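Line by line, the protein sequences give chains C and W.
Heads up, the first sequence is in numbering that gives the first Met the number 0, so the first residue is 0 and it goes up one at a time.
Heads up, the second sequence is in numbering that gives the first Met the number 0, so the first residue is 0 and it goes up one at a time.
Each residue gets a CB set at the ideal place from its N, CA and C atoms; glycine is no exception.
Note that the coordinates shown come from a computational prediction; the quantities given were computed from them, not determined experimentally.
See structure below.
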Amino acid sequence: MNDKTILLVEDNPDDEALTLRAFRKGNIRNEVVVMRDGAEVLAYLFDGNGNARPSPALILLDLNLPKVGGLEVLRRMRADERTQMIPVVVLTSSKLEEDILDSYRNGANAYVRKPVKFSDFAEAVRVVGVFWLLLNEPVPSHGPKSD
Amino acid sequence: MTQLAALSEGTFAAILEAGPDAMVCIAADGRIVLVNAEAERLFGYQRAELVGQPVEILVPEAVRAAHSVHRAGYLASPRRRPMGAGLSLSGRRRDASIFPAEISLSAIDTDEGVLVAAAIRDVTAQLRLKDLERSSQGLESFVYSVSHDLRAPLRAISGYSEVLLEDFGEVLGEEGRGHAERIVAVSEQMGHLLDYLLQYSRVSQAELHLQTVDLGEEAAQIAAEIQGREPGRRVRFAIEKPVKALADRRLIRTVLENLLGNAWHFTSGRDDASIEFGTAPSGDAAVCCYVRDNGAGFDPAYADKLFLPFQRLHAARDFPRTGAGTGLASVRQIAELHGGRVWAESAIGAGATFYFTLGGKGHA
């Protein structure tokens, strides 16, 4: 599709394997970096040495994560101008109204509930990938600060 | 006012005597001077056994000493107040049994000196209800988290079965593929069951957001949505509008979606399918609505099973895309939450009519 990186934040190894398969089956061949808890994500995004890491083009974020939860990751990302605009799609089992509202309140770009049936799940992942990596016009690469 | 003022002292004493709360009056020395009929009943004493006794006779042994100290303190600065604010109070019956009580005190100046009147209420039932509510809330949130957490392994079961079908279909052979397909199908069904449990636990924990809703307008919208999903089918809808009722809009839409969706589903065998939404005489309820169809109907012998979760009256082979058998259970749960009820009438092959009421007697 292109050379953009996808960050998949998922602590369940089965969901990870099935999501990666769904990307493959959907012909989304971008590099996928997998993170298994929220602390790992924050360390990845906010490199302490000031080294600019290329931002992922899309983050698929589970809410229920070890150490630092998905909502907290979102909150911290949105509070920092370097990560403020990275598209985040919440991908979770929950359909709790509170979770949906909290996700949007904290700046999620979309909220997708994981269907039980794999072919539905694969289709959901494919549509999300195609939309955010291909159809959606990303933030210009110099970032929000350019004039 | 004048009429009230004219009530004699005797009438007032009679009101006190017949009052719903137990009343016990004591004199400054702590001895009982007056009790009413409810006090006799509550504590199990005859009046003559109480009058002249220290009030501590009605207090559990363990706290009698403390009680007489508090009593002296109260008499030093008497005012109207609940007794032992923040403490759990108890009373002691004649048979030495103890009950939880709510007690409020007031002081009365009389010619014979200060009297203290205590109104005592047995709160056993309230406490038990609170316990019950707490444990049922605990159960509902347990059901919620279980049904939520079971989705992840279920997704893996279904997912890997599909992987087997896609990548190893040839190795599996026809029979093996059939088994894997069954795993996928029942996983999906289990997903619906889990969704129902999620919804059930959410609804029973939900607070109703009551507002005036036009049920006819909602029904018309839902009918259009259903029709839109299968534009090829021709079904005649007759929907009464407006039907105003006090209801939780989100929940009542679930009711209408289920009833109209069922009517749509079970008329699928007919070219002249018709579905009707209207109102019937409501009796004690605020409103009584029905959804009527001319579809497959059901055997009235099983009418009482319809609204139980996971019950289906039609074999899957007759109506292959029938749901998990949880829709009508949700309908009943929501109607009951609104103080209403549900029932249905039918004969095999003669269509079905589903009724629900909202806002029964004694329901705001």
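Under the Cβ distance rule, residue 7(C) does not count among the residues neighbouring chain W, no pair being separated by less than 7 angstroms.
Close partners of residue 190(W) in chain C (Cβ separation under 9 angstroms): 114, 115 and 116. Under the criterion of beta carbons closer than 8 angstroms, residue 186(W) and residue 153(W) qualify as touching, at roughly 6 angstroms. 7 angstroms or more divides the Cβ of residue 98(W) from the Cβ of residue 130(W).
In the structure shown, the three-state DSSP call for residue 324(W) is coil. The alpha helix (DSSP H) runs of length 4 or more contained entirely in the stretch 81–114 of chain C are, from start to end of the chain, 96–104. Linking residue 106(W) to residue 60(W) through their CA atoms gives a straight-line distance of about 25 angstroms. Residue 193(W) and residue 181(W) have their C-alpha atoms spaced approximately 18 angstroms apart. Taken in chain order, the whole beta strand (DSSP E) runs of length 3 or more contained in the stretch 250–286 of chain W are 273–279. In the pairwise beta carbon analysis, the stretch 105–123 of chain C is classified as touching the stretch 13–22 of chain C: at least three pairs are separated by under 8 angstroms. Under DSSP, the beta-bridge partners assigned to residue 89(W) are 99(W). For residue 157(W), the closest Cβ of chain C is nearer than 7 angstroms.
Taking a contact to require three or more Cβ pairs closer than 8 angstroms, the stretch 26–37 of chain W and the stretch 45–54 of chain W qualify as touching.
Not flagged as an interface residue toward chain W: residue 54(C), since no C-beta distance is shorter than 7 angstroms. Residue 23(W) is not a Cβ neighbour of residue 13(W), given a cutoff of 7 angstroms. In this structure residue 56(C) is not in contact with residue 94(C), their Cβ atoms being roughly 27 angstroms apart against a cut-off of 8 angstroms. With distances taken between CA atoms, residue 32(C) lies nearest to 6(C) out of 38(C), 24(C) and 6(C). Assigned with DSSP and collapsed to three states, residue 115(W) falls in strand. Looking at the backbone, the Cα of residue 237(W) and that of residue 353(W) are separated by about 15 angstroms.
Beta bridge pairing from DSSP links residue 344(W) with 352(W).
The C-beta of residue 13(C) comes closer than 7 angstroms to at least one C-beta of chain W.
Judged by beta-carbon spacing, residue 345(W) lies within the 7 angstroms limit of residue 296(W), meaning their Cβ atoms are closer than that value.
Around the beta carbon of residue 356(W), 16 or more other beta carbons sit within 10 angstroms, so the residue counts as buried.
Interface annotation for the stretch 161–182 of chain W against chain C: 161, 162 and 165, criterion Cβ-Cβ distance under 9 angstroms. At least 7 angstroms separates the beta-carbon of residue 142(W) from that of residue 57(W). Taking CB atoms only, residue 153(W) has a neighbour in chain C less than 7 angstroms away.
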